[in-house]
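Engineer:
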DNA sequence: CGGTGTATAGATGTATACAAGTACACTTTC
DNA sequence: GAAAGTGTACTTGTATACATCTATACACCG
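Chains as they are written, first to last, in our numbering: chain A, 24 to 243; chain B, 24 to 243.
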């Protein structure tokens with residue numbers, strides 16, 4: 024939503040670096056050295072620095088007080104914060120989706136839900152449709168700031184996704200919650216939609232924390 | 024909260040540009056020309072560009088699709104979005120403040136409230152203490168992401184503050200809401216605190232929209 | 001042997017030169 | 001006279017050279 028890529032080198036570098044960070048190809052805690060990274064990406068330091076600065080402002084990189092840029096460490100406390108904010112945002116967006124959804128929007132939500140239901144046995148498909156549903160609601164809410172923050176949170180959470188398992192019973196639960204959420208939006212039940220969205224995300228938070236605290240966050 | 028300034032030119036330029044944008048010294052809609060601005064600020068284009076990029080990522084400047092950077096226009100719809108997100112965030116932070124406030128934190132909140140009450144006849148003092156109260160709650164909530172987004176919203180709203188009047192009855196109402204909020208936090212009434220915070224911000228939204236739609240957003 | 005000062009290698013921050021792209025005005029043509 | 005094409009001035013994007021600062025290793029002193 025923020026800005027579409029303008030075919031400049033800095034934007035390509037930004038995309039590539041972001042991909043590597045979210046994939047954990049760039050390991051949490053690792054330092055970025057500009058000359059080496061610039062050589063690896065075949066650009067000069069100027070567009071690289073521009074990309075790095077942008078990533079810092081999204082907290083996908085960290086500026087050390089002494090100078091020098093690192094990939095942020097993974098941290099359980101942060102997960103909790105992220106999901107809490109996400110719960111507040113999703114709850115708001117559910118409210119606003121109730122107010123702003125057109126008939127076509129509702130049809131879209133039902134469609135995503137149906138495809139999700141058909142694929143509930145496949146973990147990655149289910150995840151894909153879950154993300155699609157939340158993205159659709161974010162769009163339908165028509166609040167660019169909520170959408171923007173939601174995307175930033177989603178990027179952050181992405182880095183932790185590698186440590187979560189998608190157990191079948193968890194998938195069923197998510198689908199059930201999604202059904203409740205869509206139903207509430209369809210029937211314009213603002214408070215119910217807000218509550219379902221909030222509790223759904225808090226549930227995801229607790230599940231994620233549970234899995235991570237038992238398996239740990241070690242990258243290698 | 025994100026990062027403290029490191030005495031580099033780019034950070035100074037960032038601060039100065041941000042100040043000018045929030046003050047409306049840089050007029051909404053105006054384009055920024057790098058060579059001219061660099062000369063005016065007595066730096067080369069490199070640190071200036073770094074500052075500009077950062078401001079773009081905070082939506083305090085806008086990258087035009089064709090190239091060229093402008094100060095974002097003022098827009099009623101955006102105010103509404105900002106306050107809605109802010110309501111969600113303040114509501115969350117009120118919740119978390121209930122959970123995390125120490126005795127010292129509560130004392131601080133009461134102190135701000137008392138000073139606010141003593142100064143309620145002065146518009147600018149009241150505003151100052153209002154901001155301080157919300158900032159204190161944001162800190163007490165101990166959620167860095169909520170705090171970060173809250174600060175971004177506050178910056179955005181700042182640009183619209185020049186068009187609001189602080190009527191005395193509005194100040195009394197705000198103080199009353201602040202009292203209710205602090206009371207709820209002190210008594211750890213999570214749901215009440217969340218509700219009061221939410222409604223308080225929504226009230227501020229409606230008041231702001233009312234004033235602005237009657238006076239308009241024209242800068243000159 | 002531990003600690004401190006210093007020298008040095010290498011990183012980041014800044015300035016500037018150059019390349020590429022955009023907008024606008026002017027000319028030319030229908 | 002209007003519209004389209006072209007040339008020019010100027011802006012943005014990138015590369016590179018230079019200055020400044022940080023960290024580390026080593027020598028020297030207590």
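Heads up, the beta-carbon is just placed ideally off N, CA and C, and yes, glycines get one too.
So what does DSSP say about residue 86/A, is it helix, strand or coil?
Structural biologist: The residue labelled residue 86/A in the question sits at position 63 within the first chain. The answer is strand: DSSP assigns residue 86/A an E or B state.
Engineer: Would you say the region 190-201 of chain B touches the region 148-159 of chain B, given that touching needs at least three Cβ pairs under 8 Å?
Structural biologist: With a cut-off of 8 Å, the region 148-159 of chain B and the region 190-201 of chain B count as touching, because enough Cβ pairs lie within range.
Engineer: Judging by CA-CA distance, which residue of 164/A, 35/A, 100/A and 165/A is the nearest neighbour of residue 66/A?
Structural biologist: On the first chain, residue 66/A is found 43 positions in, with the first residue counted as 1. The candidate whose alpha carbon is nearest that of residue 66/A is 35/A.
Engineer: Give me the chain A residues within the contact set of residue 166/B, using Cβ-Cβ distance strictly less than 8 Å, ordered along the chain.
Structural biologist: For the purposes of this step, residue 166/B is taken as the residue at position 143 of the second chain. Residues of chain A passing the Cβ test: 104, 107 and 108.
Engineer: Considering only C-alpha positions, which residue in the set 218/B, 51/B, 234/B and 161/B is nearest to residue 190/B?
Structural biologist: Locating residue 190/B in the second chain gives position 167, where the first residue counts as 1. The shortest C-alpha separation from residue 190/B is found at 234/B.
Engineer: Quick one: what's residue 55/A bridged to in DSSP?
Structural biologist: As a position in the first chain, residue 55/A is number 32, starting the count at 1. The partner list for residue 55/A (beta bridge, DSSP) reads 92/A.
Engineer: Give me the residue from 208/A, 182/A, 112/A and 231/A with the minimum Cα distance to residue 50/A.
Structural biologist: Position 27 of the first chain, counted from the start, is the residue given in the question as residue 50/A. Checked all of 208/A, 182/A, 112/A and 231/A; the closest Cα to residue 50/A is 182/A.
Engineer: What residue range is occupied by the uninterrupted alpha helix (DSSP H) comprising residue 29/A?
Structural biologist: For the purposes of this step, residue 29/A is taken as residue 6 along the first chain, with counting starting at 1. Segment: none, residue 29/A is in no alpha helix (DSSP H) and carries neither H nor E.
Engineer: Grab me the residues of residue 24/B's own chain with a C-beta within less than 8 Å of its C-beta, minus the 5 sequence neighbours each way, in chain order.
Structural biologist: Mapped onto the second chain, residue 24/B falls at position 1. Low local confidence applies: a pLDDT of 48 at residue 24/B is under 50, so the model's placement there is unreliable, with the coordinate-based value given in what follows. These residues qualify, in order along the chain: 167, 170, 171 and 174.
Engineer: Counting contacts by CB-CB distance shorter than 8 Å, is residue 34/B in contact with chain A?
Structural biologist: Here residue 34/B corresponds to residue number 11 of the second chain, with the count starting at 1. Closer than 8 Å: no.
Engineer: Please report how far the alpha carbon of residue 179/A lies from the alpha carbon of residue 180/B, in whole angstroms.
Structural biologist: Locating residue 179/A in the first chain gives position 156, where the first residue counts as 1. Locating residue 180/B in the second chain gives position 157, where the first residue counts as 1. The alpha-carbon atoms of residue 179/A and residue 180/B are separated by roughly 25 Å.
Engineer: Just to confirm before moving on: does the CB-CB distance between residue 54/A and residue 90/A stay below 8 Å?
Structural biologist: Indexing the first chain from 1 puts residue 54/A at position 31. Indexing the first chain from 1 puts residue 90/A at position 67. Cβ atoms of residue 54/A and residue 90/A: not closer than 8 Å.
Engineer: Indicate whether at least one CB of chain A lies closer than 8 Å to the CB of residue 215/B.
Structural biologist: In the second chain, counting from the first residue as 1, residue 215/B sits at position 192. By this cut-off, residue 215/B is not an interface position.
Engineer: Buried or exposed for residue 85/A, going by 16 or more other Cβ atoms inside 10 Å?
Structural biologist: Here residue 85/A is taken as the residue at index 62 of the first chain, counted from 1. Residue 85/A should be labelled buried.
Engineer: I'd like to check one pair, residue 136/B with residue 224/B: are the Cβ atoms closer than 8 Å?
Structural biologist: Locating residue 224/B in the second chain gives position 201, where the first residue counts as 1. Locating residue 136/B in the second chain gives position 113, where the first residue counts as 1. Cβ distance not < 8 Å, so residue 224/B and residue 136/B don't count as in contact.
Engineer: With DSSP collapsed to three states, give me the class of residue 50/B.
Structural biologist: Here residue 50/B corresponds to residue number 27 of the second chain, with the count starting at 1. Residue state, collapsed to three classes: coil.
Engineer: Taking the alpha helix (DSSP H) that residue 178/A belongs to, which residues open and close that run?
Structural biologist: Within the first chain, numbered from 1, the residue matching residue 178/A stands at position 155. Where residue 178/A is concerned, the enclosing alpha helix (DSSP H) stretches over 167-181.
Engineer: Cβ of residue 111/A less than 8 Å from any chain B Cβ?
Structural biologist: Looking up residue 111/A in the first chain gives position 88. Yes - at least one Cβ of chain B is within 8 Å of the one on residue 111/A.
Engineer: How many angstroms separate the CA atom of residue 68/A from the CA atom of residue 149/B?
Structural biologist: Along the first chain, one-based indexing puts residue 68/A at 45. Along the second chain, one-based indexing puts residue 149/B at 126. If I take the Cα positions, the gap works out to 48 Å.
Engineer: Could you tell me whether the region 70-87 of chain A touches the region 116-135 of chain A, where touching means 3 or more Cβ pairs closer than 8 Å?
Structural biologist: The region 70-87 of chain A vs the region 116-135 of chain A: no contact.
Engineer: Just reading off the alpha helix (DSSP H) that residue 157/B is part of, what are its end residues?
Structural biologist: Residue 157/B sits at position 134 when you count from the first residue of the second chain. Note, residue 157/B: alpha helix (DSSP H), 146-164.
Engineer: Given that a residue counts as buried once 16 or more other Cβ atoms are within 10 Å of its Cβ, and exposed if not, what is residue 100/A?
Structural biologist: Position 77 of the first chain, counted from the start, is the residue given in the question as residue 100/A. Flag for residue 100/A reads exposed.
Engineer: So with CB distances below 8 Å, who are the chain A contacts of residue 115/B?
Structural biologist: For the purposes of this step, residue 115/B is taken as residue 92 along the second chain, with counting starting at 1. In chain order: 107, 108, 110 and 111.
Engineer: Along chain B, which residues have their Cβ under 8 Å away from the Cβ of residue 119/A?
Structural biologist: On the first chain, residue 119/A is found 96 positions in, with the first residue counted as 1. Correct list: 107.
Engineer: Quick check on this structure: which residue in 33/A, 165/A and 145/A has the alpha carbon closest to the alpha carbon of residue 8/A?
Structural biologist: Here chain A comprises residues numbered 24 to 243, so residue 8/A is not present and cannot be evaluated.
Engineer: Since residue 111/A is in the alpha helix (DSSP H), which residue starts that stretch and which ends it?
Structural biologist: For the purposes of this step, residue 111/A is taken as the residue at position 88 of the first chain. Run containing residue 111/A: 99-123, per the alpha helix (DSSP H) assignment.
Engineer: Any Cβ of chain B within less than 8 Å of the Cβ of residue 169/A?
Structural biologist: As a position in the first chain, residue 169/A is number 146, starting the count at 1. Cβ-Cβ to chain B under 8 Å: yes for residue 169/A.
Engineer: Which chain A residues sit within Cβ distance under 9 Å of residue 81/B?
Structural biologist: Residue numbering aside, residue 81/B sits at position 58 when the second chain is read from its first letter. Within chain A, the residues near residue 81/B are 80.
Engineer: Just to confirm my understanding: we take residue 112/A, look at its own chain, exclude 5 residues before and 5 after, and list those with CB closer than 8 Å. What are they?
Structural biologist: Position 89 of the first chain, counted from the start, is the residue given in the question as residue 112/A. So the list reads 169, 172, 173 and 176, once near-sequence residues are dropped.
Engineer: Compute the Euclidean distance between the alpha carbons of residue 207/B and residue 107/B, then round it to the nearest angstrom.
Structural biologist: The residue given as residue 207/B occupies position 184 in the second chain. The residue given as residue 107/B occupies position 84 in the second chain. When rounded, the distance between both Cα atoms is 21 Å.
Engineer: Taking just the CA atoms, how far does residue 88/B sit from residue 29/A?
Structural biologist: By one-based count along the first chain, residue 29/A stands at place 6. By one-based count along the second chain, residue 88/B stands at place 65. Approximately 7 Å, taken between the alpha carbons.
Engineer: For residue 139/B, count neighbouring C-beta atoms within 10 Å of its own C-beta (all shown protein chains included) and say buried if the count is 16 or more, exposed if not.
Structural biologist: For the purposes of this step, residue 139/B is taken as the residue at position 116 of the second chain. Answer is buried; the Cβ neighbour count reaches 16.
Engineer: Work out the CA separation of residue 126/B and residue 39/B for me, nearest whole Å.
Structural biologist: The count along the second chain starts at 1 and reaches residue 39/B at position 16. The count along the second chain starts at 1 and reaches residue 126/B at position 103. Those two C-alpha atoms are separated by around 38 Å.
Engineer: Going along the chain, which residues of the region 139-156 of chain B sit with their C-beta nearer than 7 Å to a C-beta in chain A?
Structural biologist: Listed in sequence order: no entries.
Engineer: Residue 212/A to residue 221/B, Cα distance in whole Å?
Structural biologist: The residue you call residue 212/A lines up with position 189 of the first chain. The residue you call residue 221/B lines up with position 198 of the second chain. About 18 Å.
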